[in-house]
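Take a look at the structure below.
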Amino acid sequence: MAELSYLPEHLERIIDGLSDGQMLKLKKTLAQKVRNNQKKRITAQQNVDGSAYTPKKPQRKRRGQRVRKKMMNTIKQARHMKIEQSSEGFAIGYVGRMAQVAEVHQYGLTARINAKRGTSAAYPVRELLGISDEDKQIIDEAVLDYLEGLI
Numbered sequence: 062m063a064e065l066s067y068l069p070e071h072l073e074r075i076i077d078g079l080s081d082g083q084m085l086k087l088k089k090t091l092a093q094k095v096r097n098n099q100k101k102r103i104t105a106q107q108n109v110d111g112s113a114y115t116p117k118k119p120q121r122k123r124r125g126q127r128v129r130k131k132m133m134n135t136i137k138q139a140r141h142m143k144i145e146q147s148s149e150g151f152a153i154g155y156v157g158r159m160a161q162v163a164e165v166h167q168y169g170l171t172a173r174i175n176a177k178r179g180t181s182a183a184y185p186v187r188e189l190l191g192i193s194d195e196d197k198q199i200i201d202e203a204v205l206d207y208l209e210g211l212i
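Just so we're aligned: 152 in our numbering is position 91 of the sequence shown, and the numbers increase by one with no gaps anywhere.
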């Protein structure tokens, strides 16, 4: 899983005093907020730096087949974007078949298209997961909101 390890120093010192249960709840909240922002970014088809994804190649419609309009409709679903928590923090990533698909797009690898014919294609880099400046701001605000709720 792609680890999302970001927390400003001033917030780290403040949350060191939280109990284990409070830390678990905070990490879960942060992970869900970051995952939702990742989903919005994938829906908007933007890389972590804000640039647009490389558009997919034009699809030809064959008899009895439909042409998909948008990329990444399945991979952005929360059921495929798994959250893992540990004592150090949390991680958001993919498992199983979706992990393979995400890896191909994240790093711009070559993958097999048709197993019967053995054809493969090189995919351009489309960053699915990563920490953007907007994610950092969301994390800051979520931590401050959580700490305000404790007071």
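All C-beta atoms in this analysis are idealised placements derived from N, C-alpha and C, irrespective of residue type, glycine included.
Cutting at 8 Å between CB atoms, please list the residues of its own chain near glutamine 107, excluding the five before and the five after it.
Ala113, Tyr114
Which whole-angstrom value describes the C-beta separation of alanine 172 and tyrosine 184, a residue pair presumed to lie in contact below a C-beta threshold of 8 Å?
Right, their Cβ atoms sit about 6 Å apart.
Based on Cα-Cα distance, which residue from Leu190, Tyr168, Ala163 lies nearest to alanine 152?
Leu190
Cβ pair valine 109, serine 193 closer than 7 Å
Contact flag set, yes.
Please give the ranges of any alpha helix (DSSP H) in the stretch 111 to 181, keeping only runs that are unbroken, at least 4 residues long and fully inside the region.
Complete alpha helix (DSSP H) runs here, min 4: 157 to 168.
Which of helix, strand or coil DSSP assigns to alanine 92
helix
Name the residue from Lys177, Ala176, Lys137, Pro119 whose alpha carbon lies nearest to the alpha carbon of histidine 166.
Lys137
I need the straight-line Cα distance from glutamate 195 to lysine 122, nearest angstrom please.
38 Å
What's the gap between the Cα of glutamate 149 and the Cα of isoleucine 174?
38 Å
Based on Cα-Cα distance, which residue from Lys197, Glu164, Thr180 lies nearest to alanine 92?
Lys197
Answer yes or no: do lysine 117 and methionine 132 have a C-beta to C-beta separation smaller than 7 Å?
yes
Excluding sequence positions up to five away, which residues of its chain have a Cβ less than 6 Å from the Cβ of glycine 78?
none
Nearest candidate by alpha-carbon position, reference aspartate 206, set Gly157, Lys86, Gln99:
Lys86
Look at the alpha carbon of alanine 179 and the alpha carbon of alanine 163, and state the distance between them as a whole number of angstroms.
Per the sequence shown, the amino acid found at residue 179 is glycine instead of alanine. Taking the straight line from one Cα to the other gives about 20 Å.
Between methionine 159 and the rest of its own chain, which residues show a CB-CB distance below 8 Å, the 5 nearest in sequence each way excluded?
Thr135, Ile136, His141
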